[in-house]
Structures are given as structure tokens and as C-alpha cells.
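Report on the following structure.
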Amino acid sequence: MHANFLDFDLIIFDCDGTLVDSTPVFYPALAEYLHDLGFPGYSGEQAEREFFALAVVDIYKILQSRKPLNLSVSDFIEDVGARYRRAMSGKVIAAPGIENLLSCIQDNGVTMRVASNGEIANIHAVLQCVGLKRYFADSALFSAEQVVNPKPAPDLYQLASAGFEDKKILAVEDSVMGIRSAKAAGLKVWGYTGFASNAVKAAQDLSAAGADYIIADFNLYNIAA
């Protein structure tokens with residue numbers, strides 16, 4: 161398949177697991193908080209397996225269905241985000257090759273946006289942390305907080321793609337949930353496996369979910385302006 165980022169007018173990147181590797185930081189922080197809330201036994205790995213790619217509001221709903229939480233959903237979201245932001249410094253890394261790729265895409269005049277199930281404060285913080293925020297204006301960051309239904313519903317991608325023709329939009333995602341969201345919005349979507357512990361299985365899963373192409377390494381797609 162011919163794969164060229166410059167074939168598109170708008171490229172929408174997922175954040176966590178695509179632009180940055182936040183998994184080793186976010187889920188241990190979440191597990192620690194769950195322990196404090198009375199859900200013992202969670203490790204970072206267990207939290208990742210159970211809640212991977214879910215919006216924090218959906219994590220809250222799952223926990224609330226198990227036993228009443230003595231805090232509001234807004235407080236839960238803020239507490240999880242605060243713990244994550246405190247933990248991320250020096251631990252979250254950018255995807256290899258992504259900064260050069262973003263720079264090349266920007267130099268060629270292609271619009272770039274971010275669509276994440278994360279909270280807007282976390283998106284800002286993590287992109288700042290790894291030095292990628294300069295490629296995205298504040299208005300180019302789209303969060304699950306802005307829609308009624310987060311990924312895998314199409315709502316977030318429909319919002320983030322406003323002003324562009326679907327056929328000229330590319331989404332880049334690392335999760336099955338994200339792939340399904342972009343496809344439901346009528347977009348072409350490429351799956352990224354660079355942070356996957358089992359890249360072969362990840363590629364199979366993303367392809368089965370509807371990914372049009374698989375990227376294993378952003379370094380292979382840098383573009384001369």
C-alpha cells in the first residue's frame with residue numbers, strides 16, 4: 161500500500177500510546193489511587209489490562225458499579241489526572257521519530273490535531289513534558305471531556321475533523337478502541353505499534369479492528385519538505 165502522510169489535508173493523532181508512551185506512568189498512578197479508594201490488589205499491569213484506552217469517566221462508571229464511591233466523577237477525574245501529572249516528569253517519552261515527522265508534516269503545510277480519551281489538562285501536560293506541544297495549538301487538542309460519548313464512539317473524531325473532507329483526513333491510533341472510533345467517523349486510520357509489547361499481535365488486532373495500514377516505526381516515514 162502507498163503510505164504518505166502528505167496525501168492528507170488533516171492528520172489527527174491519538175496521544176497516549178501514539179505520540180507518547182504514557183502507559184508505564186499512567187496505570188501505576190491509577191492503581192495507587194484505586195488502592196486508596198478501597199480497591200486493593202491492583203498493580204499497574206492489572207489496571208492497564210482492565211482499563212486500557214478507556215476514558216477516565218468510564219473507569220469511574222465501572223468502579224461505581226462495583227461499590228459506591230464517596231466522590232463525584234469530576235473529583236475522580238481531577239484526582240487521577242493530578243497523580244498522573246505529578247508522576248510523568250522524566251518518565252514519559254515521545255515516540256521514536258515522531259518529532260522529526262511532526263516537523264516535516266508541519267513544514268509541508270498539513271494541519272495536525274490531537275484526539276484523545278484523556279483529559280485536556282493531561283494532554284497539555286504530557287505534550288509539554290516531551291517537547292511536542294509546539295506542534296499543536298491549544299485549539300488543535302480535542303479531549304473526551306468535549307463529547308458525550310468518548311472513543312470507541314465516533315463523536316470525538318467527528319469533532320476533531322470539523323472543516324475537512326473525510327477522504328482527506330488521516331487518523332493515527334494505537335488501540336482497537338481508537339481504530340473503531342476513527343472508522344465509525346468515516347476516516348482512514350493507520351495503526352501504530354511502536355510501543356506494543358507484542359508488535360505482531362498488536363498489528364493483527366489493529367488490522368482486524370479496521371486499520372488501513374500499520375506503522376511500526378515513525379522513523380521510516382519522515383518526509384523532506
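Taking the working numbering, the leading residue of the sequence shown gets 161, the next gets one more, and so forth.
Heads up, the beta-carbon is just placed ideally off N, CA and C, and yes, glycines get one too.
Check whether residue i and residue j have beta carbons under 8 Å apart
{"i": "residue 381", "j": "residue 342", "result": "no"}
{"i": "residue 250", "j": "residue 281", "result": "no"}
{"i": "residue 207", "j": "residue 194", "result": "yes"}
{"i": "residue 271", "j": "residue 377", "result": "no"}
{"i": "residue 339", "j": "residue 371", "result": "yes"}
{"i": "residue 279", "j": "residue 303", "result": "yes"}
{"i": "residue 326", "j": "residue 351", "result": "no"}
{"i": "residue 179", "j": "residue 301", "result": "no"}
{"i": "residue 368", "j": "residue 349", "result": "no"}
Residue nearest to residue i in terms of C-alpha spacing, selected from the options
{"i": "residue 286", "options": "163, 186, 165", "result": "186"}
{"i": "residue 266", "options": "163, 374, 172, 368", "result": "172"}
{"i": "residue 307", "options": "210, 276, 332", "result": "276"}
{"i": "residue 333", "options": "315, 294, 373, 295", "result": "373"}
{"i": "residue 183", "options": "325, 226, 211, 379", "result": "211"}
{"i": "residue 167", "options": "294, 268, 199, 301", "result": "268"}
{"i": "residue 273", "options": "165, 201, 174", "result": "174"}
{"i": "residue 176", "options": "315, 215, 264", "result": "215"}
{"i": "residue 196", "options": "320, 264, 248, 239", "result": "239"}
Neighbourhood of residue i by C-beta, 6 Å cutoff - its chain only, sequence neighbours within 5 removed
{"i": "residue 335", "result": "213"}
{"i": "residue 245", "result": "285"}
{"i": "residue 243", "result": "189, 193"}
{"i": "residue 234", "result": "none"}
{"i": "residue 220", "result": "233, 236"}
{"i": "residue 363", "result": "353, 374"}
Through-space distance from residue j to residue i, alpha-carbon basis
{"i": "residue 323", "j": "residue 290", "result": "29 Å"}
{"i": "residue 232", "j": "residue 192", "result": "18 Å"}
{"i": "residue 253", "j": "residue 229", "result": "33 Å"}
{"i": "residue 365", "j": "residue 355", "result": "14 Å"}
{"i": "residue 256", "j": "residue 353", "result": "12 Å"}
{"i": "residue 385", "j": "residue 261", "result": "Because residue 385 sits at a pLDDT of 47, beneath the cut-off of 50, its placement in the model cannot be relied upon, and the following sentence gives the value as read from the coordinates. Cα to Cα, residue 385 sits roughly 11 Å from residue 261."}
{"i": "residue 311", "j": "residue 297", "result": "22 Å"}
{"i": "residue 357", "j": "residue 344", "result": "27 Å"}
{"i": "residue 288", "j": "residue 181", "result": "14 Å"}
{"i": "residue 360", "j": "residue 379", "result": "18 Å"}
{"i": "residue 165", "j": "residue 309", "result": "28 Å"}
Close beta carbons around residue i, own chain, < 7 Å, minus the five adjacent residues each side
{"i": "residue 203", "result": "191"}
One or two residues paired with residue i in a DSSP bridge
{"i": "residue 317", "result": "Per DSSP, none; premise fails for residue 317."}
{"i": "residue 330", "result": "171, 348"}
{"i": "residue 378", "result": "DSSP, once it has assigned bridges, lists no residue as partnering residue 378."}
{"i": "residue 181", "result": "253"}
Residues of its chain near residue i, where Cβ-Cβ distance is below 8 Å and the 5 sequence neighbours each way are ignored
{"i": "residue 313", "result": "307, 341, 344"}
{"i": "residue 283", "result": "175, 274, 276, 301, 303"}
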